[in-house]
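One structure is given below, encoded as C-alpha cells.
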Amino acid sequence: MGSVSREPIWRVGDVEIDCGERTLVMGILNVTPDSFSDGGLYLDHGAAVIRGIEMVDEGADLIDVGGESTRPGSDPVSPEEERDRVVPVIETLAAKVPVPISVDTRKPAVARAALDAGALIVNDISGARDSEMFAVVREAGAGMVLMHMKGEPKTMQVAPHYDDVVGEVHEYLRERIEAAEFAGIAPERLCIDPGVGFGKDLHQNLTLMHHVDALLDLGRPLLVGPSRKRFIGALLDLPEDERVEGTAGAVAWLVGRGAHIARVHDVKQMVRVVRVMDAIARAGR
Ligand code: PT1
Numbered sequence: 402m403g404s405v406s407r408e409p410i411w412r413v414g415d416v417e418i419d420c421g422e423r424t425l426v427m428g429i430l431n432v433t434p435d436s437f438s439d440g441g442l443y444l445d446h447g448a449a450v451i452r453g454i455e456m457v458d459e460g461a462d463l464i465d466v467g468g469e470s471t472r473p474g475s476d477p478v479s480p481e482e483e484r485d486r487v488v489p490v491i492e493t494l495a496a497k498v499p500v501p502i503s504v505d506t507r508k509p510a511v512a513r514a515a516l517d518a519g520a521l522i523v524n525d526i527s528g529a530r531d532s533e534m535f536a537v538v539r540e541a542g543a544g545m546v547l548m549h550m551k552g553e554p555k556t557m558q559v560a561p562h563y564d565d566v567v568g569e570v571h572e573y574l575r576e577r578i579e580a581a582e583f584a585g586i587a588p589e590r591l592c593i594d595p596g597v598g599f600g601k602d603l604h605q606n607l608t609l610m611h612h613v614d615a616l617l618d619l620g621r622p623l624l625v626g627p628s629r630k631r632f633i634g635a636l637l638d639l640p641e642d643e644r645v646e647g648t649a650g651a652v653a654w655l656v657g658r659g660a661h662i663a664r665v666h667d668v669k670q671m672v673r674v675v676r677v678m679d680a681i682a683r684a685g686r
C-alpha cells in the first residue's frame, strides 16, 4: 500500500477520529441572523442548540458551527459579531453532545474563543491564509480542516480560471499541509477538502468531484461539502430547499470515490445514503 494510509486517523484534541471504519457525516449548523428567523435581526442561539442535538440524534458524527456565511457573494462579518454568534452555541453543545464540534471560521480570534468554549476542530475555508491560525490550532492541540478556495467568497464566482482544476487543488492542499507542518502542526491533525463551489464554475466543480480520489494520495482524511450547492441547482433547475436528492447523488459519488467525511445539512437523509454505501463497500473487502 506504500506510505499512504488507506484508513487515516484524524487527531482532534485528545480524540482520535477513525476515518476508515465507516463514512462520517458532519452536520452543518449555521448561526447567522437569517438562518432561524425569517431575515430577523436577532440570533436564536437556543434554536441552534436544539438543531445541533437533533443532528446528533440523526446520526451526525461531527457538528460544524459557523457564524459567517461564505456562500458566493456574501459579505464578511466582524470578528466580535462572529464570536458572539458561535461561542454560546458551542459552549452549550459541547456540554450536551458526545461528538466533536468544529468551528467554521477564517478568523484566528474567533477560532481561539471557539476552542476555549469546547470546539476541537477549526474548519478554515481559506486554508489558513492568516498564518496566526496555525498558531491557534497548534497551541490548542486542535484538529484542522484545510480547504481549497480560489479568491474570496464575495467575488470567487466571477470567472474562475484553471488550466487544470484537479492538479491545482491538489498542489494547493499539498502546500498547505506542508505549511501547517512547518508551523508545528502534525499531519495527523489535518483533514483536507477540495472546496466544492469555492471559486469553481459548474464544469470545474464536476471535474473536481469526478477526480476527487486524486486527493487521497495526500494521505489525509478527505472531507467534501456538496450540500445543496449551486451546481445542483444548475443541473436540476431547483431552489436550495429542493436539492436533497441532488445532494444524495453527489454524496454517493464522492463517498464511492473515497471521501471519508460528508459535510451536509440533511443529516438524517445522508446518514441513510452513506450507511448503504458503506455496507456495499464492505462486502467487497
Ligand atoms: C465546504 C464548506 C464549508 N462550504 C468546508 N467548509 C460552505 N470544509 C461553508 C454554492 O455554490 O464545502 N467545506 N463551509 C458553504 N459555502 C458555499 C459555497 C455554499 C458555495 C454554497 C455554495 O451554492
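Note that the sequence shown covers residues 402 to 686 in my numbering.
Just so it is clear, CB atoms sit at the ideal spot from N, CA and C, and this is done for glycine as well.
Note that the coordinates shown come from a computational prediction; the quantities given were computed from them, not determined experimentally.
Contacting residues, own chain, Cβ-Cβ under 8 Å from residue 491 (five flanking each side not counted): One-based indexing of the sequence shown puts residue 491 at position 90. In the same chain as residue 491, and ignoring 5 residues on each side of it, the C-beta atoms closer than 8 Å to its own belong to 466, 502, 504, 515, 518, 519, 520, in chain order.
Distance, residue 683 Cα to residue 422 Cα: The count along the sequence shown starts at 1 and reaches residue 422 at position 21. The count along the sequence shown starts at 1 and reaches residue 683 at position 282. When rounded, the distance between both Cα atoms is 9 Å.
Span of the beta strand (DSSP E) around residue 676: As a first step, residue 676 is located in the sequence shown; it is residue number 275 there, counting from the start. From DSSP, residue 676 is part of no beta strand (DSSP E) but of the alpha helix (DSSP H) over 668-684.
Bridge-paired residues (DSSP) for residue 503: Taking the first residue of the sequence shown as position 1, residue 503 is located at position 102. Residue 503 pairs with 465, 522.
Of the listed residues 622, 617, 464, nearest to residue 495 (C-alpha basis): The residue you call residue 495 lines up with position 94 of the sequence shown. The shortest C-alpha separation from residue 495 is found at 464.
Limits of the alpha helix (DSSP H) - the one that residue 425 falls within: Taking the first residue of the sequence shown as 1, we reach residue 425 at position 24. If you look at residue 425, you'll find it isn't in any alpha helix (DSSP H); it sits in the beta strand (DSSP E) that goes 425-431.
Rounded C-alpha distance that separates residue 499 from residue 564: Looking up residue 499 in the sequence shown gives position 98. Looking up residue 564 in the sequence shown gives position 163. Spanning the two alpha carbons is a distance of roughly 44 Å.
Residue 454, enclosing alpha helix (DSSP H) - first and last residue: For the purposes of this step, residue 454 is taken as the residue at position 53 of the sequence shown. Run containing residue 454: 446-458, per the alpha helix (DSSP H) assignment.
Burial state of residue 535, where buried means 16 or more other Cβ atoms lie within 10 Å: If you number the sequence shown from 1, residue 535 lands on position 134. When all chains shown are included, residue 535 counts as buried.
Under the three-state DSSP convention, the category residue 644 falls into: Working through the sequence shown from its first residue, we reach residue 644 at position 243. DSSP, read as helix, strand or coil, puts residue 644 in coil.
Residues near residue 529 in its chain [Cβ-Cβ closer than 6 Å; skip 5 each side]: The residue you call residue 529 lines up with position 128 of the sequence shown. The residues 535, in chain order, have a CB closer than 6 Å to that of residue 529 in the same chain once the five nearest residues on each side in sequence are set aside.
Residue 546 beta carbon near the ligand PT1 (any heavy atom closer than 7 Å): Within the sequence shown, the letter at position 145 stands for residue 546. Residue 546: yes, Cβ under 7 Å from the ligand PT1.
Under the three-state DSSP convention, the category residue 412 falls into: As a first step, residue 412 must be located in the sequence shown, where it is residue number 11. The three-state secondary structure of residue 412, taken from DSSP, is strand.
As assigned by DSSP and simplified to three states, the class of residue 618: As a position in the sequence shown, residue 618 is number 217, starting the count at 1. Three-state DSSP puts residue 618 in a helix.
Limits of the unbroken alpha helix (DSSP H) element including residue 565: Sequence index remark: in the sequence shown, residue 565 carries index 164 (1-based). Annotation: residue 565 is outside any alpha helix (DSSP H) and is labelled neither H nor E by DSSP.
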